[in-house]
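Asker: Once you've had a glance at the structure underneath, I'll fire off some questions.
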Amino acid sequence: MQVVSAVGEAFNNIVLHGYANRRAQGHAHAHEQQVREQQFREQIGSVDLRIQTRRGYIRIELRDWGSGFDPRAVPPPAFDTLPESGLGLYIMQSFMEMAYRSGRPNLLTLSKRYVERSSAVRKSEGAT
Amino acid sequence: MRFEIKAATGVTHLAIEGELDAVSVSELRPDLEKLVKGRPTVVEVDLSSLRMVDSSGVGALVSLYKRVRAQGGSVLIKGLRDQPLAIFRLLRLDRVMLGADTRSPPPAHKQSKSRH
Numbered sequence: 010m011q012v013v014s015a016v017g018e019a020f021n022n023i024v025l026h027g028y029a030n031r032r033a034q035g036h037a038h039a040h041e042q043q044v045r046e047q048q049f050r051e052q053i054g055s056v057d058l059r060i061q062t063r064r065g066y067i068r069i070e071l072r073d074w075g076s077g078f079d080p081r082a083v084p085p086p087a088f089d090t091l092p093e094s095g096l097g098l099y100i101m102q103s104f105m106e107m108a109y110r111s112g113r114p115n116l117l118t119l120s121k122r123y124v125e126r127s128s129a130v131r132k133s134e135g136a137t
Numbered sequence: 004m005r006f007e008i009k010a011a012t013g014v015t016h017l018a019i020e021g022e023l024d025a026v027s028v029s030e031l032r033p034d035l036e037k038l039v040k041g042r043p044t045v046v047e048v049d050l051s052s053l054r055m056v057d058s059s060g061v062g063a064l065v066s067l068y069k070r071v072r073a074q075g076g077s078v079l080i081k082g083l084r085d086q087p088l089a090i091f092r093l094l095r096l097d098r099v100m101l102g103a104d105t106r107s108p109p110p111a112h113k114q115s116k117s118r119h
């Protein structure tokens, strides 16, 4: 669950911010759904996703060729103000170890060590 | 993601199912906008069938919460579990926004030694 959440935030971050300037020109007269599909096709930017696993460890690398950023320049969320944005990086860093290198491509690495549960435990917990 | 908004006397019910993320939230936002403009007194948000939420989905729910409360209304979020509940707890929203059924338990107080 934590890995899925962190990687989802990382991917969305690339699409929404790294490739933010890739805007499609929709057709005003077209059906809304057709416009949306057209926008998705035309906004395509490449994200290279590599997953490495070994017992008790997972490492995921995301490479993109969009705008980079400096994670150290992003302030932590001010929780007492109920922030509506700026939460994705915090979720990533809370759930996994994160490293970032800006460049061509940008490289975001998420890794996590975890304790493997036996199949008997997973079964007793009702995991699928 | 599927959602349903029902207005009953005094209470507006919003139920969201599936995955509320950076993509699907754009389908919800226009209806949340209409909901807020209706100046509801009480908004009850049922998230018992929400499987996944990301920061964009949380942002939309926080926005709803803040705007309704700024108008003098109240928002009760209930039914959170699994990944969405973990996200709300991580972002410290549980103590502010959630109903009693899903709030984090208060920190345990140290018990004084019992007398024998």
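So the sequences go chain by chain: G and B. FYI, the numbering for the first sequence is 10 to 137, going by the working numbering. FYI, the numbering for the second sequence is 4 to 119, going by the working numbering. Glycine included, every Cβ here is placed at the ideal spot set by N, Cα and C. Model, not experiment: these values are computed from the prediction.
1. So the candidates are Arg95(B), Val48(B) and Val99(B); which of them puts its Cα closest to the Cα of Ser58(B)?
2. What in chain B is Cβ-close to Glu18(G), meaning under 7 Å?
3. Is there at least one Cβ from chain G nearer than 8 Å to Gly62(B)'s Cβ?
4. For the segment 82 to 94 of chain B, which residues have a beta carbon sitting closer than 9 Å to at least one beta carbon of chain G?
5. What is the DSSP secondary structure of Asp79(G), counted as helix, strand or coil?
6. Going by DSSP, which residues form a beta bridge with Met107(G)?
7. Run through chain G and tell me which residues come within less than 8 Å of Lys69(B), C-beta to C-beta.
8. Starting from the N-terminal side, write out each stretch of the beta strand (DSSP E) that is 3 residues or longer and does not extend beyond the segment 6 to 74 of chain B.
9. Residues of chain G with a CB under 9 Å from the CB of Val46(B): which are they?
10. Give me the subset of the segment 98 to 125 of chain G whose CB atoms are less than 7 Å from a CB atom of chain B, sorted by chain position.
11. Reducing DSSP to helix, strand and coil, say where Ser55(G) ends up.
12. Name, please, each residue of chain G whose Cβ falls closer than 8 Å to the Cβ of Ala10(B).
13. Between the Cα of Val16(G) and the Cα atoms of Val45(B), Ala10(B), Val56(B) and Ile8(B), which residue gives the shortest distance?
14. Check the DSSP bridge columns for Glu70(G) and list the partner residues they point to.
15. Taking the alpha helix (DSSP H) that Val13(G) belongs to, which residues open and close that run?
16. Output yes or no for whether 8 Å exceeds the beta carbon distance between Gly97(G) and Asn22(G).
17. So, at 8 Å on beta carbons, what are the nonlocal neighbours of Asp34(B) in its own chain, with the 5 sequence-adjacent residues on each side left out?
18. Taking the alpha-carbon positions, what's the Glu125(G) to Ala73(B) distance?
19. Do you know offhand how far Leu38(B)'s Cα is from Gln102(G)'s?
20. Keeping to the same chain, check which residues put their C-beta closer than 7 Å to that of Val22(B); ignore five residues upstream and five downstream.
Answerer: On the basis of the supplied data:
1. Numbered from its first residue, the second sequence carries residue 58(B) at position 55. Here the closest residue by C-alpha is Arg95(B).
2. Within the first sequence, the letter at position 9 stands for residue 18(G). Neighbours of Glu18(G) on chain B, chain order: Asp57 and Ser58.
3. Position 59 of the second sequence, counted from the start, is the residue given in the question as residue 62(B). Chain G contact via Cβ: present.
4. Asp85, Gln86, Ala89, Ile90, Leu93 and Leu94
5. Within the first sequence, residue 79(G) is the residue found at index 70, counting from 1. If DSSP states are grouped into helix, strand and coil, Asp79(G) belongs with coil.
6. Start at 1 with the first residue of the first sequence, and residue 107(G) comes out as number 98. For Met107(G), which the question treats as bridged, DSSP gives the partners Leu119(G).
7. Locating residue 69(B) in the second sequence gives position 66, where the first residue counts as 1. Within 8 Å Cβ-Cβ: Leu91 and Glu93.
8. 14 to 23, 45 to 49 and 53 to 56
9. Residue mapping note: residue 46(B) aligns to position 43 of the second sequence, counting from 1. The contacting residues do not exist; Val46(B) stays about 15 Å from chain G at best.
10. Ile100 and Ser103
11. For this step, residue 55(G) is matched to residue 46 along the first sequence. In this structure, Ser55(G) counts as coil in the three-state DSSP scheme.
12. Reading the second sequence from its first residue, position 7 is the one you call residue 10(B). Neighbours of Ala10(B) on chain G: none; closest Cβ ~24 Å, over 8 Å.
13. Here residue 16(G) refers to the residue found at position 7 of the first sequence. Here the closest residue by C-alpha is Val56(B).
14. Walking along the first sequence from the start, residue 70(G) turns up at place 61. Its beta-bridge partners are Arg59(G) and Thr118(G).
15. Position 4 of the first sequence, counting from 1, holds the residue named residue 13(G). Residues Gln11 to Asn22.
16. In the first sequence, the residue the question calls residue 97(G) occupies position 88. In the first sequence, the residue the question calls residue 22(G) occupies position 13. In this structure, Asn22(G) lies closer than 8 Å to Gly97(G) by Cβ.
17. Reading the second sequence from its first residue, position 31 is the one you call residue 34(B). Excluding positions up to five away in sequence, the list reads Phe6 and Ile8.
18. One-based indexing of the first sequence puts residue 125(G) at position 116. One-based indexing of the second sequence puts residue 73(B) at position 70. Taking the straight line from one Cα to the other gives about 46 Å.
19. For the purposes of this step, residue 38(B) is identified with residue 35 of the second sequence, where counting begins at 1. For the purposes of this step, residue 102(G) is identified with residue 93 of the first sequence, where counting begins at 1. If I take the Cα positions, the gap works out to 34 Å.
20. Counting from one through the second sequence, the residue named residue 22(B) turns up at place 19. The question names Val, but residue 22(B) in the sequence shown is Glu. So the qualifying residues of the chain are Met4, Arg54 and Met55.
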